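Everything in the sequence shown is counted per this note's numbering, starting at 4 for the first residue and increasing by one. Quick reminder that beta carbons are idealized off the backbone N, C-alpha and C, glycines included. Just so you know, these numbers come straight off a predicted model, no measurement behind them. One structure is given here, and the rest of the page talks about it.
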Amino acid sequence: MSISPHILVFDSGVGALSIIGEIRRAIPTSIITYASDNGFFPYGTKTEEELIARVDLVLRALVAESHPDIIVVACNTASTVALPSVRANFSIPIVGVVPAIKPAAQLSSSKVIALLGTPGTVRRPYTHQLIRDFAADCEVVMVGSRELVELAERKLRGKTVDPLAVREALTPLLQSPAYERVDTVVLACTHFPLIRPELAQALERPLHWVDSGEAIARRVIHLLQQSPLPERQRPNEHRSVFTLDCAEVEALKPQLADHLPGPINFARLADRQAEI
Ligand code: DGL
Numbered sequence: 004m005s006i007s008p009h010i011l012v013f014d015s016g017v018g019a020l021s022i023i024g025e026i027r028r029a030i031p032t033s034i035i036t037y038a039s040d041n042g043f044f045p046y047g048t049k050t051e052e053e054l055i056a057r058v059d060l061v062l063r064a065l066v067a068e069s070h071p072d073i074i075v076v077a078c079n080t081a082s083t084v085a086l087p088s089v090r091a092n093f094s095i096p097i098v099g100v101v102p103a104i105k106p107a108a109q110l111s112s113s114k115v116i117a118l119l120g121t122p123g124t125v126r127r128p129y130t131h132q133l134i135r136d137f138a139a140d141c142e143v144v145m146v147g148s149r150e151l152v153e154l155a156e157r158k159l160r161g162k163t164v165d166p167l168a169v170r171e172a173l174t175p176l177l178q179s180p181a182y183e184r185v186d187t188v189v190l191a192c193t194h195f196p197l198i199r200p201e202l203a204q205a206l207e208r209p210l211h212w213v214d215s216g217e218a219i220a221r222r223v224i225h226l227l228q229q230s231p232l233p234e235r236q237r238p239n240e241h242r243s244v245f246t247l248d249c250a251e252v253e254a255l256k257p258q259l260a261d262h263l264p265g266p267i268n269f270a271r272l273a274d275r276q277a278e279i
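Printed below as a string of structure tokens:
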């Protein structure tokens, strides 16, 4: 791609970094604004109504101040509930990240799949519909874990990930009668590719691991090729934006310097709804 598209990649936390890695590999010229709604983290335990309102609030503020060419909602928890309203509210192309159930079902020989997501994602009617549409011939063991999200956040802040804590979080899978027949694991939370080595160690046997990262990068390219980018001023450096200024952002700086070097800012959300 000759021009440098400006891509806004949004998540509740560090999960977006797994998607940003894939986008930058696929589109090396892209300029990324990484937006973390750390002020409302974690998304996985929030109600659908709360998430729809919050995602709208945050994206409005971000789009108004950064004018991206495309938005990637790099969060399964938000995408599986808020994509229709996001698409209705913004006129620029939107890419959502949803559980990669279809490729997992195609890859599985045993037709027994594990799906690791947040508590919200495994509850969603959207996820259940994906299973009915694309994995009707599979048994799907779903694990909704808030702890694994926290462990990924900790890892990116340079803390060690306790293997026992990973196994503990995976107990519902390890104790499932179907576990021995599982041959494919769907990482249905963008945080989880960041702890894939730790997950693989905890599950102790060769498995297919499927996440949405590469497919999202391909989708971004496809949408950007649909119509020429408008003539306008674009940023010439990557940037990270957080909705809350706190010590955790400081602790993330070394990883950000590796993953996405550039300035760090804090978003100004509309006062009217700031307490959401
Ligand atoms: N990274 C998000 C996802 O893909 C969720 C993390 C959270 O619970 O905030 O679902």
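Given residue i as reference, the closest of the options once Cα atoms are compared
i	options	result
Ile198	Ala77, Glu150, Ala270, Ile97	Glu150
Gly18	Pro264, Leu62, Ala29, Pro45	Pro45
Val84	Gly47, Ser94, His70	Gly47
Arg160	Val252, Gly265, Ser94, Pro71	Val252
Val213	Arg126, Pro106, Ala254	Pro106
Ser236	Asp72, Pro87, Leu226, Ala191	Ser is not the amino acid found at residue 236; the sequence shown has Gln there. Nearest option by C-alpha distance: Asp72.
Glu51	Ala250, Lys256, Val125	Val125
Pro175	Arg135, Gly120, Ala254, Arg27	Gly120
Leu227	Ile22, Gly16, Ile30	Ile30
Lys162	Ala254, Ala250, Arg135	Ala254
Arg208	Ser230, Leu177, Ile134	Leu177
Ala260	Leu20, Arg28, Asp136	Leu20
Asp136	Arg90, Ile104, Pro122	Ile104
Boundaries (first-last residue) of the alpha helix (DSSP H) holding residue i
i	result
Val152	150–159
Asn92	79–92
Asp136	128–137
Leu173	That residue, Leu173, is in no alpha helix (DSSP H); it is neither H nor E in DSSP.
Ile219	216–229
6 Å Cβ shell around residue i - same chain, five flanking residues per side excluded
i	result
Leu173	Ala205
Ser148	Ala172
Val169	Glu201, Ala205
His262	Leu20
Glu25	Gly216, Glu217, Ala220
Gly123	Gly47, Thr80
Close-in-space but distant-in-sequence residues of the same chain around residue i (CB under 7 Å, 5 per side omitted)
i	result
Asp186	Ser111, Ser112, Ser113, Val115, Leu210, His211
Gln258	Leu159
Ser69	Leu11, Thr36
Beta-carbon proximity of residue i to residue j, cut-off 7 Å
i	j	result
Ala108	Ala77	no
Val1	Ile35	What the structure shows of the chain is the stretch from 4 to 279, and residue 1 is not part of that stretch, so it cannot be assessed.
Val223	Pro102	no
Ile40	Thr193	Note on identity: in this sequence residue 40 is Asp, with Ile being the wrong assignment. The answer is no: Cβ separation not under 7 Å.
Val164	Ala38	no
Asp234	Gly265	Before going on, a small fix: residue 234 reads as Glu here, not Asp. Not in contact: Glu234 and Gly265 (Cβ atoms no closer than 7 Å).
Ala191	Leu118	yes
Contacting residues, own chain, Cβ-Cβ under 8 Å from residue i (five flanking each side not counted)
i	result
Ile279	Confidence at Ile279 is low in this model, with a pLDDT of 40, below 50, so its placement is unreliable and the value that follows should be read with caution. Contacts found: Phe43, Glu53, Ala56, Arg57, Leu60.
Gln276	In this prediction, Gln276 has a pLDDT of 49, which is less than 50 and means its spatial position is unreliable; nothing more can be read from the coordinates.
Asp248	Phe269
Arg273	It is worth fixing the name first, because residue 273 is Ala in this sequence and not Arg. These residues qualify, in order along the chain: Leu60, Arg63, Ala64.
Leu232	Ile6, Pro8, Asp72
Val66	Leu11, Ile74, Phe93, Ile95
Residue i: first and last residue of the uninterrupted beta strand (DSSP E) it sits in
i	result
Ile97	97–99
Phe43	Taken as a continuous stretch (DSSP letters only), Phe43 belongs to no beta strand (DSSP E), as it is neither H nor E.
Leu11	9–14
Ser243	242–245
His211	211–213
Val185	That residue, Val185, is in no beta strand (DSSP E); it is neither H nor E in DSSP.
Leu119	115–120
Val66	No beta strand (DSSP E) contains Val66, which is instead part of the alpha helix (DSSP H) from 51–69.
Between the stretch 147–162 and the stretch 184–200, are three or more C-beta pairs nearer than 8 Å? Judged by Cβ distances under 8 Å, the stretch 147–162 makes contact with the stretch 184–200, as three or more pairs qualify.
Quick test of the definition: if touching needs 3 or more C-beta pairs under 8 Å, does the stretch 215–233 touch the stretch 93–104? Taking a contact to require three or more Cβ pairs closer than 8 Å, the stretch 215–233 and the stretch 93–104 qualify as touching.
Taking three-plus beta-carbon pairs below 8 Å as touching, is the stretch 165–184 in contact with the stretch 137–147? Contact between the stretch 165–184 and the stretch 137–147 is present: 3 or more CB-CB pairs across the two stretches fall below 8 Å.
Are the stretch 120–134 and the stretch 64–80 touching by the rule of at least three beta carbon pairs closer than 8 Å? With the cut-off at 8 Å, the stretch 120–134 and the stretch 64–80 touch.
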